[in-house]
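Heads up: take any position in the sequence shown, counting from 1, add 183, and you land on my numbering. C-beta atoms are modelled at their ideal positions from N, C-alpha and C, and glycine is treated no differently. To keep things clear, I will list the structure first and then write my remarks on it.
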Amino acid sequence: MSSNNIDSINEFSVQNLLSGSDTYVVPMYQRNYAWGEAEINQLIQDVVDYEQKGNEQYYIGTLVVFKRKNGSFEVIDGQQRFTTLSLMAIYLKNLTYDDSLLDMDWYEKVNIDFESRPKSSDTFTALTQRKALHHLNGESYNESIIKGYTLIEKCLGKLTDISLDEFTDYLFDQVQIMRVEVPEDTDLNHYFEVMNNRGEQLEKHEVLKAKMMSVLNDIEDDDEKQSSINALQKVWEACANMERYIQYGFTPAERHQLFGENDWGHLTIEDFDELIGCLDLDDEEYDSGALSLEQIINKPLTKEKTTKNDSNETPDRFNSVINFSNFLLHVLRVLTEEDVALDDKQLIGQFEEHLFDNDEPIEEVKLFVFGLLKCKFLFDQYVIKREYNQGKDAWSLKRLKYYSKDSQSYKNSYDANEGGFEGVNRQILMLLSAFHVSTPTLVYKHWLNAALNFLYMEDEIDAQTYLQFLSKLAKRFIFDRFLSIEEGKSYFEMIYETKDSDYPKNKKIKHIDSEKLLFGEIENNFVFNYLDYLLWIENRNEEKIVKEFEFTFRSSVEHFYPQHPMEGHSTLGADI
Numbered sequence: 184m185s186s187n188n189i190d191s192i193n194e195f196s197v198q199n200l201l202s203g204s205d206t207y208v209v210p211m212y213q214r215n216y217a218w219g220e221a222e223i224n225q226l227i228q229d230v231v232d233y234e235q236k237g238n239e240q241y242y243i244g245t246l247v248v249f250k251r252k253n254g255s256f257e258v259i260d261g262q263q264r265f266t267t268l269s270l271m272a273i274y275l276k277n278l279t280y281d282d283s284l285l286d287m288d289w290y291e292k293v294n295i296d297f298e299s300r301p302k303s304s305d306t307f308t309a310l311t312q313r314k315a316l317h318h319l320n321g322e323s324y325n326e327s328i329i330k331g332y333t334l335i336e337k338c339l340g341k342l343t344d345i346s347l348d349e350f351t352d353y354l355f356d357q358v359q360i361m362r363v364e365v366p367e368d369t370d371l372n373h374y375f376e377v378m379n380n381r382g383e384q385l386e387k388h389e390v391l392k393a394k395m396m397s398v399l400n401d402i403e404d405d406d407e408k409q410s411s412i413n414a415l416q417k418v419w420e421a422c423a424n425m426e427r428y429i430q431y432g433f434t435p436a437e438r439h440q441l442f443g444e445n446d447w448g449h450l451t452i453e454d455f456d457e458l459i460g461c462l463d464l465d466d467e468e469y470d471s472g473a474l475s476l477e478q479i480i481n482k483p484l485t486k487e488k489t490t491k492n493d494s495n496e497t498p499d500r501f502n503s504v505i506n507f508s509n510f511l512l513h514v515l516r517v518l519t520e521e522d523v524a525l526d527d528k529q530l531i532g533q534f535e536e537h538l539f540d541n542d543e544p545i546e547e548v549k550l551f552v553f554g555l556l557k558c559k560f561l562f563d564q565y566v567i568k569r570e571y572n573q574g575k576d577a578w579s580l581k582r583l584k585y586y587s588k589d590s591q592s593y594k595n596s597y598d599a600n601e602g603g604f605e606g607v608n609r610q611i612l613m614l615l616s617a618f619h620v621s622t623p624t625l626v627y628k629h630w631l632n633a634a635l636n637f638l639y640m641e642d643e644i645d646a647q648t649y650l651q652f653l654s655k656l657a658k659r660f661i662f663d664r665f666l667s668i669e670e671g672k673s674y675f676e677m678i679y680e681t682k683d684s685d686y687p688k689n690k691k692i693k694h695i696d697s698e699k700l701l702f703g704e705i706e707n708n709f710v711f712n713y714l715d716y717l718l719w720i721e722n723r724n725e726e727k728i729v730k731e732f733e734f735t736f737r738s739s740v741e742h743f744y745p746q747h748p749m750e751g752h753s754t755l756g757a758d759i
């Protein structure tokens with residue numbers, strides 16, 4: 184394998200990918216075109232959704248290629264999506280011959296070909312020549328490709344939310360695809376076997392990691408380059424498993440260096456340079472100064488070296504409230520204090536805008552790596568997880584405690600009331616879980632971003648101070664957005680631009696818009712969950728059933744109050 188990290192990572196609009204001078208070949212070892220109605224519908228719906236959200240760009244995936252000696256690109260991964268986009272362009276181009284308003288003048292020829300599959304190539308040729316579909320049903324043509332074209336015609340013909348010309352403009356101008364070129368001496372047979380065994384495309388966060396490595400690979404000093412890439416690699420792998428506490432992503436010696444000798448309970452470093460000084464340099468893996476793309480794909484989540492000291496870690500014990508790709512966006516927003524979109528479909532574009540497009544990208548990447556480490560440590564210590572232990576599951580708020588080289592365990596983050604329902608640890612856990620079940624999706628978890636931002640800025644994270652912050656955040660969400668008399672504030676404004684730490688201290692029930700409590704007008708179930716939290720705080724010491732109450736996921740208002748109450752309970756009025 185070449186010592187080069189990646190020969191080329193380029194971002195293309197769909198139009199630039201399909202209209203450029205480059206040609207692409209689907210090799211004979213690739214499977215036949217296989218996308219059906221589900222995949223094509225999903226692709227089209229994703230484009231529609233992002234066009235309507237007003238997002239400037241939408242990252243659609245990766246195209247992994249190998250440049251042949253004749254200059255053409257052999258498609259290693261992503262051919263199903265690329266083929267579908269080509270079929271879509273042909274269909275939309277064909278519509279323009281019937282006096283359509285669509286702008287497809289740029290699409291002059293097909294730039295995809297199929298090695299040793301003449302039926303596939305001939306089918307594309309026939310479609311571009313606008314031959315009637317009922318003439319393409321013989322053995323000379325590829326039925327799967329014809330079916331794909333027919334499904335595109337069907338799906339686009341049913342567009343209702345946007346016009347076809349709006350869809351076309353957004354698809355070809357704003358939808359982005361990442362082309363990743365592997366080194367010229369790559370063993371393609373092994374490489375394709377690896378990709379095929381994965382059964383999926385490169386994760387967006389893997390592409391992002393590769394781009395960061397490419398940035399650090401521009402460091403002129405070889406020692407600094409090597410140690411910086413080593414730090415990125417180790418921190419990334421330690422953080423990528425959101426279900427595992429970050430300490431277990433490092434060697435035992437590194438844990439003592441980073442998180443306190445015989446402690447593991449606090450972060451001992453303050454910047455990237457100190458981080459480098461705490462890490463062992465794996466010369467065997469990093470002697471080139473960077474990982475190859477094959478290594479990134481072959482081992483996207485490298486397992487840490489297993490030692491007997493890890494015996495207390497149960498791999499499936501905890502379930503995170505967020506995945507790694509979305510967590511990266513939270514870290515980016517906390518570090519930049521800019522309005523980063525908290526949606527992993529925009530992961531690459533957001534990092535391009537807020538991190539890579541900078542006068543000093545090397546320093547920005549270093550700052551991000553340290554920030555990622557710190558945020559994951561804080562997340563593990565102070566944000567709830569779902570814990571599965573001894574046949575039961577419940578919300579937990581725990582930190583990792585070191586006792587000896589053979590003994591580590593998880594303890595409450597703030598008090599010793601292990602497994603109990605009292606104390607400040609339980610109060611914080613309850614309020615965090617109220618936030619979470621109100622917004623159970625992985626994207627746009629604004630409460631989590633607010634919590635991370637608070638934790639990141641605090642020198643000492645006192646339990647009462649943290650609880651007070653979360654309580655004020657809850658009131659801001661209620662009074663300034665969900666039930667606001669005026670136009671609701673944005674989450675970014677409430678989290679990053681509200682300077683008064685006591686706000687909204689004097690807000691009362693008279694400051695809400697009661698119309699927003701009517702069925703069909705309720706923006707977020709947190710309105711009810713926060714009320715439940717307040718009732719729990721007031722009554723938790725009176726009855727066991729109240730004390731042991733736990734927030735769960737509800738998908739509708741009816742789950743808060745049934746349409747058909749039990750005998751003895753009144754029915755809500757029609758005006759409520």
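The region 198-217 makes contact with the region 292-302: 3 or more CB pairs, one atom from each, lie closer than 8 Å. For Phe539, the closest C-alpha among the options Phe652, Asn724 and Thr519 is that of Thr519. The C-beta separation of Ile243 from Leu391 comes to about 15 Å, leaving the pair out of contact by the 8 Å criterion. With 16 or more other Cβ atoms inside 10 Å of its own Cβ, Gln416 counts as buried.
Closest option to Leu458, judged by alpha-carbon separation, among Gln440, Glu444 and Asn445: Gln440.
When the five nearest sequence neighbours on each side are left out, the beta carbons in the same chain lying within less than 7 Å of the beta carbon of Leu278 are those of Leu285, in order along the chain.
From the listed residues His537, Gln529 and Tyr565, the smallest Cα separation to Val504 is found for Tyr565.
Contact check for Ile668 and His629: beta-carbon distance about 21 Å, past the 8 Å limit, so the pair fails to qualify. Residues Gln430, Arg438, His439, Leu583, Lys584, Tyr585 and Gln591 of the same chain have their beta carbon placed closer than 8 Å to that of Trp447, with the five preceding and five following residues left out of the count.
A residue is called buried when at least 16 other Cβ atoms come within 10 angstroms of its Cβ; Phe736 does not meet this threshold and is exposed. C-alpha of Tyr332 to C-alpha of Ser596: approximately 56 Å in a straight line. Here the region 639-659 does not lie against the region 568-581, with fewer than 3 beta-carbon pairs under 8 Å apart. A check of alpha carbon separations from Tyr627 across Ile611, Glu726, Asn572 and Leu525 identifies Leu525 as the nearest. Under a 10 Å Cβ-count criterion, Thr624 is classified as exposed, with fewer than 16 other Cβ atoms of the shown protein chains found around its own Cβ. Annotation for Lys250: the continuous beta strand (DSSP E) segment containing it runs Tyr241 to Lys250. Judged by beta-carbon spacing, Tyr639 lies within the 8 Å limit of Val517, meaning their Cβ atoms are closer than that value. Boundaries of the alpha helix (DSSP H) around Gln440: Pro435 to Phe442. Excluding residues up to 5 positions away in sequence, Val418 lie with their Cβ nearer than 6 Å to the Cβ of Leu556 in the same chain. Val552 sits close to Ala414, with the two beta carbons spaced by under 8 Å.
Beta-bridge pairing by DSSP links Arg362 to Asn193 and Leu246. The residues Ala309 and Ile329, in chain order, have a CB closer than 6 Å to that of Leu319 in the same chain once the five nearest residues on each side in sequence are set aside. Put simply, of Glu336, Tyr233, Asn506 and Met395 the residue whose alpha carbon is nearest the alpha carbon of Ile223 is Glu336.
In the three-state reduction of the DSSP assignment, Leu583 falls in the strand class. For the 8 Å CB-CB criterion, Gln357 and Phe195 do not form a contact.
Shortest Cα-Cα distance from Gly340 to any of Ile227, Lys252, Asp642 and Lys314 involves Ile227. As for any beta strand (DSSP E) of minimum length 3 sitting wholly inside the region 380-412, there is none. In the DSSP assignment, Gln591 is bridged to Tyr585.
CA-to-CA, the gap between Asp401 and Ile545 works out to about 8 Å.
Bounds of the beta strand (DSSP E) holding Phe297 are Ile295 to Phe297. C-alpha of Phe662 to C-alpha of Phe711: approximately 13 Å in a straight line. Rounded to whole angstroms, the gap between the alpha carbons of Gly219 and Leu334 is 8 Å. His537 places its beta carbon less than 8 Å from that of Leu515.
Assignment of beta-bridge partners to Ile695 by DSSP yields Ser667.
The alpha carbon of Ile259 has as its nearest neighbour, out of Ser654, Leu246 and Phe660, the alpha carbon of Leu246.
Between the beta-carbon of Glu426 and that of Phe501 there is about 5 Å, and that keeps the pair under the 8 Å contact cut.
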